[in-house]
Amino acid sequence: MSGNKRYQKKKGIGHIKEIMKIGPKDITGIEDCPGVESVFPTMEEEEVEEEEKEEEEAGPSICRVLTGEDFHHLTGNKTALVYLMQLKTLANKKVDSVCKVKGCGEGIDISIKHVGSAVYLKWACRNSHVMDRWCSQPVLNKGLHGGDLMIASSILFSGNNFNKMELFAKFLQMGFPSQSSFTRLQRRHLVPSVDHLWSQKQEELIAELANKDLVLLGDGRMDSPGHCAQFCTYTLMEKSTKKILSVKTLDKRETEGKSGNLEKAGFIRGMQEVQDSGLKVAEVVTDAHIQIGALMKKDYPAVKHSHDVWHAAKNIGKKLISAGQEKSCKELQKWSKDIVNHFWFTCKTANNIDEFMGMWVGVLHHVVGEHEWYLPYSEMGLSMCKHDPLTGEDTGNKEYLIKGSPAHEALRKIILDKRLLHKIPYYLNFRSTAELESFHNHMLMYSSKRFAYTPPVYRARSLLAALDYNENVDREPITNKDGTVRMQRTYNKKSGRWTVYAVKEKKKYTHVSSLLNIVLQKRLEDREGLQERMVLEIGDPRRISRTIAPVPPPRTQQLVEEKKSRFDA
Numbered sequence: 001m002s003g004n005k006r007y008q009k010k011k012g013i014g015h016i017k018e019i020m021k022i023g024p025k026d027i028t029g030i031e032d033c034p035g036v037e038s039v040f041p042t043m044e045e046e047e048v049e050e051e052e053k054e055e056e057e058a059g060p061s062i063c064r065v066l067t068g069e070d071f072h073h074l075t076g077n078k079t080a081l082v083y084l085m086q087l088k089t090l091a092n093k094k095v096d097s098v099c100k101v102k103g104c105g106e107g108i109d110i111s112i113k114h115v116g117s118a119v120y121l122k123w124a125c126r127n128s129h130v131m132d133r134w135c136s137q138p139v140l141n142k143g144l145h146g147g148d149l150m151i152a153s154s155i156l157f158s159g160n161n162f163n164k165m166e167l168f169a170k171f172l173q174m175g176f177p178s179q180s181s182f183t184r185l186q187r188r189h190l191v192p193s194v195d196h197l198w199s200q201k202q203e204e205l206i207a208e209l210a211n212k213d214l215v216l217l218g219d220g221r222m223d224s225p226g227h228c229a230q231f232c233t234y235t236l237m238e239k240s241t242k243k244i245l246s247v248k249t250l251d252k253r254e255t256e257g258k259s260g261n262l263e264k265a266g267f268i269r270g271m272q273e274v275q276d277s278g279l280k281v282a283e284v285v286t287d288a289h290i291q292i293g294a295l296m297k298k299d300y301p302a303v304k305h306s307h308d309v310w311h312a313a314k315n316i317g318k319k320l321i322s323a324g325q326e327k328s329c330k331e332l333q334k335w336s337k338d339i340v341n342h343f344w345f346t347c348k349t350a351n352n353i354d355e356f357m358g359m360w361v362g363v364l365h366h367v368v369g370e371h372e373w374y375l376p377y378s379e380m381g382l383s384m385c386k387h388d389p390l391t392g393e394d395t396g397n398k399e400y401l402i403k404g405s406p407a408h409e410a411l412r413k414i415i416l417d418k419r420l421l422h423k424i425p426y427y428l429n430f431r432s433t434a435e436l437e438s439f440h441n442h443m444l445m446y447s448s449k450r451f452a453y454t455p456p457v458y459r460a461r462s463l464l465a466a467l468d469y470n471e472n473v474d475r476e477p478i479t480n481k482d483g484t485v486r487m488q489r490t491y492n493k494k495s496g497r498w499t500v501y502a503v504k505e506k507k508k509y510t511h512v513s514s515l516l517n518i519v520l521q522k523r524l525e526d527r528e529g530l531q532e533r534m535v536l537e538i539g540d541p542r543r544i545s546r547t548i549a550p551v552p553p554p555r556t557q558q559l560v561e562e563k564k565s566r567f568d569a
């Protein structure tokens, strides 16, 4: 039986003491997943400038808030987005104080007008003679303010939500583009730019992986828990580079309204895309999805199909904990972590089904204090534990189970479960999709669950997560002055344990610069503007049905009339 110690193989049987790990943790915390700092950059300690400094020489144009009577300068003053170059232009501007129109000579007044996030200054006399105009932002073709386009781009590309950012601007009393403007910009310029850059980056990755036998990790992520999901994002990651190769988003309207069929459909589309690109897939690793398993046997017989050891170990742990809840099986709880560790070690060590059976089933003897037995469970003839004599310290001072007791019989059912033993061939390559779990956590930054998105926007947000992940997955860890890797601790509320992970270099987000350039180019090439009527793109699920409801929506007035209360007169 494998334990929680380091192991070294000796001649013959071998002494086993190892801490099994999934990423930055041992597998006793099987519910954890790696990549903690992949979602948001780690907050590093920086030198904080002194907030209260001695007053510098203040000019007459600097507004200072020193008493309660001065608060209105902040709370009652509108704000706007101003570009520094435009501000410098304003500072250097010289406008006469009287109108220069012949025969006028009226004094010049300055009027302020807010348009979206921009602010305009206009110098004009009482006779409406305009001397000059200034805008706080560069203006693009067809009068679109650059700040409005950059705000819309930043909201989407940073994974933010328009309504929250609009509320932020409201509290700041800052001009902001309207929701209709944001929606049109997003639909016409932003989403197509994300699609364009993803296609470009995907082609580069395909060229890098050409002529290689690929191992792909696949998993689906629903946009909401349970069986009521509308969207599913199916992702295929290349194992050696840890880069996302394919991202497919599906709407339940594409699977006849059945959320349970989304993952299989996403897997089919992802595999089809990879095969159409000419790449050679040698192995696919997924969770134990029944539909995908049947599909692999039927349509991809030449591709090795492996199951995720991480999910399998997690499921065994759940079964052990559940069985240990019974009053007569409480002793089993003390052994659950060791048994899960042993499963992990068996998957890592066994080379074939025979070896797996010999090592895995032996745990039934180990937990009752039998480290040698007469009849082997496989042809390899293994009939003893692969460890040296144990002390109380080696066993964690746990008491052995009583052979034939309810706890031991409950464990026997779990160890010899037919479904588990039938899946042994899927675990022999010792594969894990834990890195994909990390990516799914990362997706929450761009497409949080319980937020509603249109199909094109949900797809774009999923692709943004993939672009961000691929760009930053190769970051090097930060080293301390003594050359050691800087580590950060984190607490997992579910497992109740502290773990550590290596702190990596800050993210650079260079893909955002590329996206902004594409957005600006698309805007300059736009001859129609935002008022052009947009048609649903080919493949949009809304072409199948306007809503995800299985029946057409009734009239609003009809619903009002049908909504009755016992308190109504």
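Taking the UniProt record's numbering, the leading residue of the sequence shown gets 1, the next gets one more, and so forth.
Idealized CB from N, CA, C, for every residue including glycine.
Remember, predicted model here, so these are calculated numbers, not experimental data.
Coil, strand or helix - residue i by DSSP
i	result
Gln521	helix
Lys243	strand
Asn480	coil
Ser447	coil
Cys99	coil
Ser306	strand
Cys232	strand
Asp70	helix
Met85	helix
Glu372	strand
Met534	coil
His459	His is not the amino acid found at residue 459; the sequence shown has Arg there. Arg459 falls in the helix class under three-state DSSP.
Thr79	strand
Arg546	coil
Val363	helix
Val139	strand
Counted within 10 angstroms of its Cβ, other Cβ atoms place residue i as buried (16 or more) or exposed
i	result
Lys398	exposed
Val551	exposed
Thr433	buried
Phe451	exposed
Val36	Because Val36 sits at a pLDDT of 49, beneath the cut-off of 50, its placement in the model cannot be relied upon, and the following sentence gives the value as read from the coordinates. Counting Cβ neighbours within 10 Å, Val36 comes out buried, since at least 16 surround it.
Ser322	exposed
Trp310	buried
Leu149	buried
residue 571	There is no way to answer for residue 571, as the model of the chain reaches only from 1 to 569.
Trp344	buried
Val308	The amino acid at residue 308 is misidentified as Val; the sequence shows Asp. It is buried - the Cβ of Asp308 has at least 16 other Cβ atoms within 10 Å.
Lys21	Residue placement at Lys21 is flagged as unreliable, the pLDDT there being 34, under the threshold of 50; the coordinate-derived value follows with that caveat. Exposed, by the Cβ-count rule.
Glu331	buried
Cys228	exposed
Selected residue, minimal CA-CA separation from residue i, among the options
i	options	result
Leu444	Leu520, Asn160 and Gln173	Asn160
Asn211	Thr233, Leu279 and Glu435	Leu279
Glu370	His408, Lys348, Ser432 and Gln186	His408
residue 571	Leu364, Gly358 and Tyr234	Residue 571 is absent from the model: the chain starts at 1 and stops at 569.
Lys100	Ala124, Lys297 and Thr89	Ala124
Thr490	Tyr501, Asp482, His311 and Met85	Tyr501
Asp96	Met131, Leu516 and Gln202	Met131
Glu273	Leu420, Glu525 and Ser199	Ser199
Ser61	Ala80, Ala91 and Val503	Ala91
Glu505	Leu463, Glu476, Asn341 and Gln558	Glu476
Lys113	Thr79, Asn141, Leu140 and Thr89	Thr79
Tyr120	Leu87, Val98 and Gly103	Leu87
Phe231	Lys449, Ala350 and Ile206	Lys449
Under 9 Å between C-beta atoms of residue i and residue j
i	j	result
Gly473	His189	Note that residue 473 corresponds to Val in the displayed sequence, not to Gly. Cβ atoms of Val473 and His189: not closer than 9 Å.
Val368	Leu320	no
Val284	Ser259	no
Val361	Ile415	yes
Phe439	Ile244	yes
Leu144	Arg523	yes
Leu262	Gly220	yes
residue 570	Ile548	Residue 570 cannot be examined here, being either before or after the span of the chain that is shown, 1 to 569.
Ala410	Thr235	no
residue 599	Ser181	Only positions 1 to 569 of the chain appear in the structure, and residue 599 is not among them; the question remains open.
Gly266	Thr241	no
Beta bridge counterpart(s) of residue i as assigned by DSSP
i	result
Lys280	Asp213
Trp123	Ile110 and Asp132
Gln488	Tyr501
Gly220	Tyr234
Asp251	Phe231
residue 600	The structure shown has nothing for residue 600, since the chain only spans 1 to 569.
Ala118	Val115
Thr286	His307
His442	His442 pairs with nothing; no bridge assigned.
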